Amino acid sequence: MEFNWFDHLVAIILLIVLPFMSIRSEAVNVDTLDHLPPKKHFFYTNGLMLIICALLVLTSWNISDRSWIKLGIQWPYLDGNLLLLIFLVAAIYLSDLIHYQFNKSYKTNKIKELSNIIPMTWAEYQHYIFLAVAAGISEEIIFRGFLINYMLTLLTEASYASILSVVIPAIVFSLSHLYQGWWAVLKIMLIAALFGWIFLQTGSLLIIVIVHILIDLISGLTGVLSDGEDPNCVE
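When we follow the working numbering, the leftmost residue of the sequence shown carries the number 2, and every step to the right adds one.
Structure below.
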């Protein structure tokens, strides 16, 4: 598979610029939250940005006359390993969710840290659904469909090319979520690596898109169902 200059530009942005910007970014000061625009603006803006990025990848893919099947636009190939990989994704996510629910101090701190980017009411959650769906589809096209194929081509002659092609995008993807904290980065990196392996095993984005959307939708409920805790309350 050959890639054009635009593909290389996208890869540079994903592999170098995005992690650098994430590491350099600073957390939002809770004292400034009242001056931020409504969260629905954040949800729609981020969702639209992800959709635009995915459309650019799809446009480049189409212009280059590459196979859509190679990008993962097909029904998945199912085998016994798939259920194990999905189970591992669920185990990692649910273990963190259970820890969040039953550790009150951890829960309060996380709500305080993320109250500016997660929905805290059902009204906000309605707008958040757009972001969850947009992210689930767009990020899988970009980080799994495109970037894994790019790395496989780039590392054709390298040992363990398949492993590196899964791990490197997983690291980059997790670093783009650094605003959620280093523990979240580790959790997301593990899940992203499993997503990448599912993509290689099934040849399809369908299953990981569905699981990704479900994870984001459930995660968005954590603030809404936080029993009315004040995110600015410190115990």
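Ideal placement from N, C-alpha and C gives every residue a C-beta, glycine not left out.
No experiment lies behind these values; they were computed from the predicted model shown.
Following the DSSP letters along the chain, one finds W183 inside the alpha helix (DSSP H) bounded by residues 183-203. Taken in chain order, the whole beta strand (DSSP E) runs of length 3 or more contained in the segment 87-145 number zero. Note on geometry: alpha-carbon atoms of I24 and G221 lie some 24 Å from one another. Around the C-beta of N150, 16 or more other C-beta atoms lie within 10 Å, and the residue is accordingly described as buried.
Selection K111, W69, H9 evaluated against L207 yields W69 as nearest (Cα-Cα). The beta carbons of M121 and V212 sit about 25 Å from each other, so the pair does not count as a contact at 8 Å. Annotation for W123: V225 place their beta carbon closer than 8 Å to its own, counting only its chain and skipping 5 residues before and after. Between M2 and T154, the CB-CB gap stays under 7 Å.
Short of 6 Å from the beta carbon of L195, and not among the five residues preceding or following it, lie these beta carbons of its own chain, in chain order: L86, L89, V90. Taking every protein chain shown into account, the CB of W62 has 16 or more other CB atoms within 10 angstroms, so this residue is buried. Proximity to H128 across T46, I17, L148 peaks at T46, based on C-alpha coordinates.
A contact between stretches requires three or more CB pairs, one per stretch, nearer than 8 Å, and the segment 167-174 fails this requirement with the segment 97-106.
Close CB contacts of V210 within its chain, under the 8 Å cut and outside five residues either way in sequence, are with G137, I138, E141 (chain order). When DSSP states are grouped into helix, strand and coil, M2 belongs to the coil group.
Residue range 40-64 is occupied by the alpha helix (DSSP H) that includes Y45.
The DSSP-derived three-state label of R25 is helix. Rounded to the nearest whole angstrom, the CA to CA distance from I199 to L72 is 13 Å.
In this structure, the alpha-carbon of L148 lies about 24 Å from that of D80.
It is roughly 15 Å from the alpha-carbon of L179 to the alpha-carbon of I17. Separation of the CB atoms of P170 and G204 is rounded to 16 Å, and the pair is thereby denied contact status at 8 Å. Nearest to L98 by C-alpha distance, out of W184, V11, A193, L57, is W184. Of the other Cβ atoms in all chains shown, 16 or more fall within 10 Å of the Cβ of M152; this residue is therefore buried. By the Cβ-count criterion, S166 is buried, with 16 or more other Cβ atoms from all chains shown falling within 10 Å of its own Cβ.
Annotation for W69: the continuous alpha helix (DSSP H) segment containing it runs 69-72.
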